[in-house]
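There are 4 protein chains.
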Amino acid sequence: MPHSTTPPLGVGMVGYAFMGAAHSQGWRTVARAYDLPLSPVLAAVCGRDPGAVRAAADKLGWAAAETDWRALIARDDVSLVDICTPGDSHAEIAIAALEAGKHVLCEKPLANTVAEAEAMTEAARAASERGQIAMVGFNYRRVPALALARRLVADGRIGTLRHVRVSYLQDWGEDSDLPLVWRLQKEKAGSGALGDLGAHIVDLAQHLSGELLTGVSAQTETFITERALPGGGPGETGRVTVDDAAVFTGRLASGALTSFEVSRLAAGRKNQLRIELNGSDGSLAFDLERLNELEFHDHTLPGAEAGFRRILATEPDHPYLEGWWPPGHGLGYEHTFTHQARDLVRAIAEGVQPEPTFADGLQVQRVLAAIEESAEKNAVFTPVPAAE
Amino acid sequence: MPHSTTPPLGVGMVGYAFMGAAHSQGWRTVARAYDLPLSPVLAAVCGRDPGAVRAAADKLGWAAAETDWRALIARDDVSLVDICTPGDSHAEIAIAALEAGKHVLCEKPLANTVAEAEAMTEAARAASERGQIAMVGFNYRRVPALALARRLVADGRIGTLRHVRVSYLQDWGEDSDLPLVWRLQKEKAGSGALGDLGAHIVDLAQHLSGELLTGVSAQTETFITERALPGGGPGETGRVTVDDAAVFTGRLASGALTSFEVSRLAAGRKNQLRIELNGSDGSLAFDLERLNELEFHDHTLPGAEAGFRRILATEPDHPYLEGWWPPGHGLGYEHTFTHQARDLVRAIAEGVQPEPTFADGLQVQRVLAAIEESAEKNAVFTPVPAAE
Amino acid sequence: MPHSTTPPLGVGMVGYAFMGAAHSQGWRTVARAYDLPLSPVLAAVCGRDPGAVRAAADKLGWAAAETDWRALIARDDVSLVDICTPGDSHAEIAIAALEAGKHVLCEKPLANTVAEAEAMTEAARAASERGQIAMVGFNYRRVPALALARRLVADGRIGTLRHVRVSYLQDWGEDSDLPLVWRLQKEKAGSGALGDLGAHIVDLAQHLSGELLTGVSAQTETFITERALPGGGPGETGRVTVDDAAVFTGRLASGALTSFEVSRLAAGRKNQLRIELNGSDGSLAFDLERLNELEFHDHTLPGAEAGFRRILATEPDHPYLEGWWPPGHGLGYEHTFTHQARDLVRAIAEGVQPEPTFADGLQVQRVLAAIEESAEKNAVFTPVPAAE
Amino acid sequence: MPHSTTPPLGVGMVGYAFMGAAHSQGWRTVARAYDLPLSPVLAAVCGRDPGAVRAAADKLGWAAAETDWRALIARDDVSLVDICTPGDSHAEIAIAALEAGKHVLCEKPLANTVAEAEAMTEAARAASERGQIAMVGFNYRRVPALALARRLVADGRIGTLRHVRVSYLQDWGEDSDLPLVWRLQKEKAGSGALGDLGAHIVDLAQHLSGELLTGVSAQTETFITERALPGGGPGETGRVTVDDAAVFTGRLASGALTSFEVSRLAAGRKNQLRIELNGSDGSLAFDLERLNELEFHDHTLPGAEAGFRRILATEPDHPYLEGWWPPGHGLGYEHTFTHQARDLVRAIAEGVQPEPTFADGLQVQRVLAAIEESAEKNAVFTPVPAAE
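Chains as they are written, first to last, in full-length UniProt numbering: chain A, 1 to 388; chain B, 1 to 388; chain C, 1 to 388; chain D, 1 to 388.
What follows is the structure in C-alpha cells.
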C-alpha cells in the first residue's frame, strides 16, 4: 500500500532460499523505513518447482510465481530482476535480463568464473548506455558500522594505511553428518569458503581501504573430503570438491600488508567476520557477530587517554540510521538488504550507477582467481590483473 | 498477499510514532517469518491529525486511516486493537475495545495509575470469558536471548536464586537543549524513567526469575528541573514533573535480593538494559546493546574450566529462531515485535490467553506505585500488594 | 641490598596470611620499581604460632619473627608497623604502635566498630602532631586505571556527577562445604561481605567522586545460615553471624544517586569489582577482573564518533607506570601494594600525611554503620554523621 | 633471606635493561611464591658501563656488579648464567657459560642466525651430558591461561586441529620521532618485528598445538625506512634495516592451516598477542592484553548452550596459581618470569631438562629463516628443515 503518488518499481526475484528470503524482507521493508522516489512492488518470484515457488510467493509476499526465469524477465510488471540463485546461473540470467532492458541486482559472488564475470560486466556496460542499472550484492558494505568505517577512512581519520586483516569464520562444516550439499560441489558453487566467504572479505578489504589488491599468496585446504550423498544409501559418500578453508596474504596498491582467512570449520565461530585496519593516525575494528558496533582508535589523541572506543552505530547521523529506531536500538543482519534496496531504488530513480558495480564484482572474481592460482603454485605471490 | 487459505486477522492500531512504527514492522513481517494460523491484515491506523495519519498509513503500510479511535474500534475489519499511544489514554481505549468485543494488545506500561490498570484488568477478565484475548507489550520478554534465559531458569540450570540486578540506562536526557516533551510531563507520561524504563526491568526481573517482588525501597531524582517550552520564546521554560532516574532495591518471594537502576542521564549508555541473575548452580547475564548474546555460567562444572560463556542466541533451536537466518546472523530490536505478534496471533487462534496478561501489567504497576511510595517515605521498604 | 646511601625504613608486619603475603610482596618490590628516599627493610613479622611465623618469615623474606605484637612494636629496627590482622585487633595494635612513636599502615576496614575507628583516628591525630604517619590500606585506590579515573574526574572530564554504581561480587560463599571460618563470625570479622567488600566500594565511590555519602538505604541477607564447625564432628554446624550479601543505595553530597551491591554468592564472579560514574560530560567504567583497563566515554565529542573507549592504563604517563614495563605489559593485583608502599614511603620521608587517612577509614566505618542501621530499620534512608 | 636449610642457587645475569629488570623481578620473587628445592641468590649482574651496572645492581637487587661477562661466568658464586642482552651476543656468552660448566637461561630469540643457534644447541647438548641445564626464555608459555590452553589441547579437548591463527601487534614504531635504536638495526637485532614478536608466536603456535611447522609463505615490509640518528644533528637520518611487519601463513605437521601477523605499526595495539586454535571438538582463544583470561568453546556441548566461555585462569588448580592469590586476583606480565624461574630451578634441582630447550629455540630460528627466505622469493611456500 505505498503512497499513491509514488511510481512503482516492479521487482522480479529468481530463487527463494536463504538469500531470496533475505532480499524479500529488504524489498518489503524498504519503503516503510525510508522515503523513496519509487515504490518497490514484489511482482513475481521464480523457481523450478511449481508448488514450492507458489508457497514461497505466499510466504515471502510476492504477487505471482513463475517457474521459468525467462518468463519472469519477460513480465511487463518486472523492471528489476533480483538474482538469488547459486553462482553457476548468475551469468546467463543476468545477461538475459540486461538484454531484455531490465535493471539487475545480482547476489555475490558475481559469477563462478572470471570469464562469466567479464561477460556480465560487458553486458552491464552496454546496458548502462541504455540507462539500465546493474549492482552486485555485497550487502556487508551496508552494515551501518561498516559504512561508518568507510566514511572515517575516506575522511582521512586513520591516515596512511599499514594493515588490513580480515577473517570470516563459520563452523557448520565441522558437522560430520552434513551431507554433500550444493555448496560443497565445485560445479554448482564454483568454490567453497573462498567464493562464499572470501568474496565478502576481499570486497570489504578493498572497499573500506579504498584501494585494490595488487597480488596475493594463498593456501587452501579441504579437511573433510568425503560426505554422505544426499538421498544415498548408508555409507554412500561423494567427494567434496571445494575448499573448506583458505589463508591468504596480499598487498594493496599503497603497499599496505593484508592478511585474510576464511573457514567453515572454526568451531564456535558462527558468522564471525572480523576486520581491522591500522593506519598511521588510527585504527578501526569490527566483528559481524556484534554488527552494531565499530571500534575506533584515534591515534592523534594524547596516549594517556587513547584507546579503542566502541561506537554504537545507531545514532541518527550514522549511515542508514535515519530510517530506524532511537539510539541503542540495534539492527540485525537482514537490515543490510533493506539498505541495499534503498540505495538501488534511489540509483534507479536518479539514473546513477550505484556501487558495487558488476565491474567491482569482476575485480573480486579476479582476486579469487589469483588466490586459486597461487594456491596451486605453492603460494607464490600472484598478481591480480588490473582492469583494462 | 498471504496464503489464500489462511483466515485473516484484521489489526487496527492507535498511535503511529516510535511504537507504532515498531509494531507495524512486526505486523508486516510476522507471516513472512513464521507459519501462522491467521494472517494479520494491517486494516487501519488511527491518529488525531488527518494528514499525518494518512501519511503514516502510507508509510507504514496500513490500508486505511482513522482520526477517531472509537471509529477504529467500530470497524468490522478490525478484530485486534493495538494501542501504541502514551499511557494516559491506554485505559479508555483498551476498555472500550474489549467491550466492543475486540482483542487488545496494549503497549507498556499498562496504564499511568494502579486504578486504571485495575479497571483494564477487570475488563480483560470479563472479555476473556467471551473468548477475547488481551496482552501487554513487554516486548523484551521476546528477545531470543532472554527467552533462552527464562528457559534455563525454568529448567533449574541456575539453582536457588540469590540475586537479580538490573539496570536500564539511556542518556538522551543529558541533552540540555531538549525541550519539555510529553515524556517529561507527569500528566501525560505518568512518571519518567521509572514508568518508561523501570516498567521493563521490573517485568523482566519477575519474568526471568519466575517470582514476584514482595517489597521495594527506592530513591528517585530529577536532575534537570527546567526545560525550554516547546514553541516557547527564548528563555521560556517549564518545570519537569517526572523523574530522570531512580535506584531501588527489592525482595523476591524466595528472599532473593534485587537491585535496580534506571536513568536517562547516563552519558554514553544509549539503550543499555543489563540484567544478571545469580543462583546456587549458575548465573546468567545479558546486555540489550548486544541483544543476540546471552552469558551463562554453569557453576556445576569443575572450577578450572568454568566461566561465563557467550551463547549467540541464533541457533535453530533457540526461541523464535526457526523463523530467521542461519546461526550467527543476528537479529535486531524490532524483531521482538514480530515475535510478540507471532505469539499473540497463535494465542488468538488457539483461544489461549498469552503472557504477559493485563494482570501481569497491573502487578508491575503496583510495584511502580510501591516504588513511588517508598521514594516519598525516605526509601522505607514498602510492600507490594498481592493480587487479590 | 638497597643502595648504600639511601636511609633504611624498618618495617614490622603483624599477620602473615593473604594480606601479609601481599604486603610483603609490596615491601620487597617497591625499591626495585621506584626510586625512593628511604629503603624499606623487612625487619620482622609477627604471629602467634612460633613455628608458623618463623616459616612465614623465611618464605616471605622477613629478617626476624616475633610472636607478640608488643615486642614487634618495641623493636628499634621497626619504624613502621604494618597491620594485616583481622579487624578485631586493629584498634589495639594501631593505637599502641602510634603511642610507641611508630608510623602505621593498617589494613582495611580500619576497625570493626565506629568507636574503635574513632579512637584510632584520635590516636593518629595526636601522633600526627609528633610527625608520625598513619594510613589505611584501601589498596584499590592505587590500581593505575582507578588512579587515572580519579585524575579524569578531578580534571572535570566527566562534568557534573549524576550516578555512581558499584558492585563487588565474589562466589566463594556458594561452596556449601565451606566451614564456619573466621570471616563468617561477627565477633572476628565485624561483618560479612559488607565490611570486607563493602568497605572497599564505599571508599572507592567517595574517593573517585571526590564526595562523601550523606545517607544510605540498605538491605542485607545471610543466605546460608549454618556451616560445618571447623574441627567439629560430622553434622556439627554453627550459625553464620554475618551477612552474605548487601544491596544499598545512597546520596553523595552533590545529590548524585548511588547504588551498591556486595555478595559472596554471585556464582561465576570471582573478584568482580565494577564501578561506573556518569556525569554530564562523560562516564567512566572499570572492572577489577580486567584491572589494566579503564573505559572512558567523552560526552563532549560529536555523537557520531563517541563511545566508551578502552584505555590500557599501561602508558608511561599513567599513574604508577613509571616504575614498570612498556605499554601493554599489564600489571596484576599485587602491584597495588607496591604502589601503596611507594606513596607511604615517600610520605614518611616528606612528613606529609598520605591518603587514605585514618579519618577516611573512620568515615567509611560510619557509612557501614549507617548501612547496618538502615538494614535493621526496614531500609529507611539513614544519614551518615558528618565528621565533627 | 631464604630458609637456611635450602641450598642456594647463585644466579649471574648479563644485561639489565627491560629484560634484565623483568628477570630480576622473577628471581627475587620466585622463592616467596613457591616452595623450591634451591634458593636463588642474585649474585651478580653484568654490564659494560661500570656506573650504570652498579646502579642497576642496587636498584634491581643484585649483590655484585661486573663489567665483563667472562668475569661473571668465572665467579664461583654463579651457577646459572641468565642472558638478557641483544641477540647478537647470545651465542658467544651462552657457549662460554656452558663450557664453563654453568647452567644457562637465554632470552629469546635464541640467536640472530641459524648457525649461531646450531652452535648453541650443540653446546647445550654437550653440557647436558655433564648434567647442565639450558633453557630459552619463551616466557609466554608460562602465562597461566596459556599453560591451561596447552593442558586442554594435550587432553584432547579440542580434537583434531584445523587452524591456528596468531597475531602479535604493537604500535611503538608508528612514532615518527623514534630514532634509529638498536632494535631497528639488523646487525644488532637480527631482524625486526619478525625476530622480536614473530619468535614468540611461532613458538607459541607450535607449543600449544604440540606440532611443528613444516613450511611457511611470507611477506615482510619496512614502512618507515629512515629514522633520525641517535645523537645526530637535525635532519641526519639513517636507514632502517629490519622489517616493521610481517604476514605469513604455514602448515603444521597434521596439515592444519596457520596464519601469522606481527607488526610494530598497528596503532592502538600496545602488546596484543592474540592466538586462536580451532579443532573438531573445540576452540581456544587468548589475548595477551587480557592475560588472565582464556576463552574455551566446547564444541561437544549441545549447540543451544555452547559458546566461548571466559575462564579466569586464577583458580587454585590452574597452572602456577598455587603460589598466588585467591580466585579473581589477577596476575601481570612479570609473573611469567617468576614461573619460568620456578620451573628452571626445579629442573636444575632434579637434573631434568626443562622446556623450551635450546633445540626448541633453534627450531624457531629455522622457521624464522624460512620466513625470510620465502619473503625474498615472492612468498613461495618454503619448507622448514627438520631437526636432524
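Yeah, the Cβ is synthetic: ideal placement off N, Cα and C, and Gly gets one too.
May I ask you to report which of helix, strand or coil DSSP gives alanine 370 of chain B? Translated into positions along the second sequence, residue 370 of chain B becomes position 370. Helix.
Excluding the 5 residues preceding and the 5 following valine 247 of chain B in the sequence, name in chain order all residues of the same chain whose CB lies nearer than 6 angstroms to its CB. As a first step, residue 247 of chain B is located in the second sequence; it is residue number 247 there, counting from the start. Excluding sequence neighbours, valine 247 of chain B sits near Gln219 and Glu261.
Glutamine 170 of chain D in three-state terms, based on DSSP: Mapped onto the fourth sequence, residue 170 of chain D falls at position 170. Residue state, collapsed to three classes: coil.
State the CB to CB distance for the pair glycine 20 of chain A and cysteine 84 of chain A, rounded to an integer number of angstroms; the pair is presumed to be in contact (CB under 8 angstroms). For the purposes of this step, residue 20 of chain A is taken as residue 20 along the first sequence, with counting starting at 1. For the purposes of this step, residue 84 of chain A is taken as residue 84 along the first sequence, with counting starting at 1. Correct: roughly 4 angstroms between the Cβ atoms.
Those runs of the alpha helix (DSSP H) which lie wholly inside the UniProt domain "GFO/IDH/MocA-like oxidoreductase" (148 to 284) of chain D and span at least 4 residues: 186 to 189 and 199 to 209
Supposed close pair glycine 238 of chain C, arginine 227 of chain C - CB separation, criterion 8 angstroms: Along the third sequence, one-based indexing puts residue 238 of chain C at 238. Along the third sequence, one-based indexing puts residue 227 of chain C at 227. That belief holds up - the Cβ atoms of glycine 238 of chain C and arginine 227 of chain C are roughly 6 angstroms apart, short of 8 angstroms.
Would a check of beta-carbon distances place methionine 1 of chain C closer than 9 angstroms to chain A? Indexing the third sequence from 1 puts residue 1 of chain C at position 1. With a pLDDT of 41 at methionine 1 of chain C, under the threshold of 50, the modelled position of this residue cannot be trusted; read the value that follows with caution. Answer no: the Cβ-Cβ gap between methionine 1 of chain C and chain A never drops below 9 angstroms.
List the residues of chain C that glutamine 219 of chain B touches, going by C-beta distances under 8 angstroms, in chain order. As a working note, residue 219 of chain B is residue 219 in the second sequence. Listed by position along chain C, the residues whose Cβ is nearer than 8 angstroms to that of glutamine 219 of chain B are Ser217, Thr249, Arg251, Leu257 and Phe381.
C-alpha gap between phenylalanine 223 of chain C and serine 263 of chain C, whole angstroms: Position 223 of the third sequence, counting from 1, holds the residue named residue 223 of chain C. Position 263 of the third sequence, counting from 1, holds the residue named residue 263 of chain C. Approximately 10 angstroms between the Cα atoms of the pair.
Going along chain A in order, which residues have a C-beta closer than 9 angstroms to the C-beta of leucine 213 of chain D? Here residue 213 of chain D refers to the residue found at position 213 of the fourth sequence. Those do not exist, as leucine 213 of chain D stays about 12 angstroms from chain A at its closest Cβ, beyond 9 angstroms.
What in chain C is Cβ-close to histidine 163 of chain B, meaning under 9 angstroms? Residue 163 of chain B sits at position 163 when you count from the first residue of the second sequence. Here the neighbours are Leu169, Ala245, Val247, Glu261, Ser263, Leu265 and Ala266.
Would you list the residues sitting across from isoleucine 311 of chain D in a DSSP beta bridge? Locating residue 311 of chain D in the fourth sequence gives position 311, where the first residue counts as 1. D/Leu294.
In DSSP terms, what histidine 335 of chain A is bridged to: Within the first sequence, numbered from 1, the residue matching residue 335 of chain A stands at position 335. Residue pairing for histidine 335 of chain A: DSSP places it in no beta bridge.
Between alanine 205 of chain C and chain B, is there a C-beta pair that is closer than 9 angstroms? By one-based count along the third sequence, residue 205 of chain C stands at place 205. Chain B contact via Cβ: absent.
Glycine 307 of chain B versus alanine 375 of chain B - alpha carbon distance: As a working note, residue 307 of chain B is residue 307 in the second sequence. As a working note, residue 375 of chain B is residue 375 in the second sequence. Their backbone Cα atoms lie some 38 angstroms apart in a straight line.
With hydrogens ignored, establish whether the beta-carbon of histidine 335 of chain B is closer than 8 angstroms to any heavy atom of the ligand HEM. This structure does not include the ligand HEM; it has no bound ligands of any sort.
From glutamate 293 of chain C to arginine 310 of chain C, what does the alpha carbon distance come to, in whole angstroms? Counting from 1 along the third sequence, the entry for residue 293 of chain C is found at position 293. Counting from 1 along the third sequence, the entry for residue 310 of chain C is found at position 310. Using only the alpha carbons, I get a separation of about 6 angstroms.
Residue burial classification, arginine 130 of chain B (beta-carbon count within 10 angstroms, cutoff 16): If you number the second sequence from 1, residue 130 of chain B lands on position 130. The residue in question, arginine 130 of chain B, is exposed, as its Cβ has fewer than 16 Cβ neighbours within 10 Å.
By DSSP's criteria, glycine 36 of chain A is part of a beta bridge. Which residues make up the other side? As a working note, residue 36 of chain A is residue 36 in the first sequence. It is worth fixing the name first, because residue 36 of chain A is leucine in this sequence and not glycine. The beta-bridge partner set that DSSP reports for leucine 36 of chain A is empty.
Which bits of chain A does histidine 318 of chain C rub up against, with CB to CB less than 7 angstroms? Within the third sequence, numbered from 1, the residue matching residue 318 of chain C stands at position 318. Residues of chain A passing the Cβ test: Ala304.
Quick check: what's the CA-CA separation for lysine 188 of chain B versus asparagine 278 of chain A? Taking the second sequence and counting its residues from 1, one reaches residue 188 of chain B at position 188. Taking the first sequence and counting its residues from 1, one reaches residue 278 of chain A at position 278. Near 50 angstroms, if we compare the C-alpha coordinates of asparagine 278 of chain A and lysine 188 of chain B.
Secondary structure at glycine 137 of chain A, three-state DSSP: helix, strand or coil? In the first sequence, counting from the first residue as 1, residue 137 of chain A sits at position 137. Strand, per DSSP.
Where leucine 9 of chain B and isoleucine 95 of chain A are concerned, what is the direct C-alpha to C-alpha distance, given to the nearest angstrom? Indexing the second sequence from 1 puts residue 9 of chain B at position 9. Indexing the first sequence from 1 puts residue 95 of chain A at position 95. Approximately 43 angstroms, taken between the alpha carbons.
Whole angstroms are fine: how far does the CA of histidine 207 of chain C sit from the CA of alanine 124 of chain C? One-based indexing of the third sequence puts residue 124 of chain C at position 124. One-based indexing of the third sequence puts residue 207 of chain C at position 207. If I take the Cα positions, the gap works out to 20 angstroms.
Which first and last residues belong to the beta strand (DSSP E) in which glutamate 66 of chain A is found? Locating residue 66 of chain A in the first sequence gives position 66, counting from the first residue. Looking at the DSSP string, the run of the beta strand (DSSP E) that includes glutamate 66 of chain A is 64 to 66.
Beta-bridge pairing of aspartate 287 of chain A - partner residues as DSSP gives them: Your numbering for residue 287 of chain A matches position 287 in the first sequence. Beta-bridge pairing links aspartate 287 of chain A to A/Arg274.
Taking C-beta to C-beta, are threonine 258 of chain D and arginine 165 of chain D nearer than 9 angstroms? If you number the fourth sequence from 1, residue 258 of chain D lands on position 258. If you number the fourth sequence from 1, residue 165 of chain D lands on position 165. Taking 9 angstroms as the Cβ cut-off, threonine 258 of chain D and arginine 165 of chain D qualify as a contacting pair.
Hey, quick one: how far does the alpha helix (DSSP H) through glutamate 129 of chain B stretch, first residue to last? Residue numbering aside, residue 129 of chain B sits at position 129 when the second sequence is read from its first letter. Element bounds for glutamate 129 of chain B: 114 to 129.
Between the CA atoms of leucine 60 of chain B and methionine 1 of chain A - distance to the nearest angstrom: Counted from its first residue, the first sequence places residue 1 of chain A at position 1. Counted from its first residue, the second sequence places residue 60 of chain B at position 60. Because the pLDDT at methionine 1 of chain A is just 42, under 50, the model does not fix this residue reliably, and the value given afterwards should be weighed accordingly. Using only the alpha carbons, I get a separation of about 9 angstroms.
Closest to proline 37 of chain B by CA distance: which of B/Val364, B/Ala349 and B/Pro383 is it? Here residue 37 of chain B corresponds to residue number 37 of the second sequence, with the count starting at 1. It is B/Ala349.
Taking the beta strand (DSSP E) that valine 352 of chain D falls in, what are its first and last residues? One-based indexing of the fourth sequence puts residue 352 of chain D at position 352. Unbroken run through valine 352 of chain D: none, as it is neither H nor E.
Around the Cβ of threonine 382 of chain B, are there at least 16 other Cβ atoms within 10 angstroms (buried) or fewer (exposed)? As a first step, residue 382 of chain B is located in the second sequence; it is residue number 382 there, counting from the start. When all chains shown are included, threonine 382 of chain B counts as buried.
Can you name the residues of chain D whose CB is closer than 7 angstroms to the CB of glycine 307 of chain B? Locating residue 307 of chain B in the second sequence gives position 307, where the first residue counts as 1. By Cβ distance, chain D contributes Arg309, Arg310, Ile311 and Leu312.
Any C-beta of chain C sitting closer than 9 angstroms to the C-beta of methionine 13 of chain A? The sequence position of residue 13 of chain A within the first sequence is 13, counting from 1. No, because no Cβ of chain C sits closer than 9 angstroms to the Cβ of methionine 13 of chain A.
For a test of the three-state rule: what should DSSP assign to residue 449 of chain B, helix, strand or coil? Outside the shown range of chain B (1 to 388) lies residue 449 of chain B, about which nothing can therefore be said.
Given alanine 97 of chain A, which residues of its chain have a CB within under 6 angstroms of its CB, disregarding the five upstream and five downstream residues? On the first sequence, position 97 is the one that residue 97 of chain A refers to. Excluding sequence neighbours, alanine 97 of chain A sits near Ile73, Val81 and Val104.
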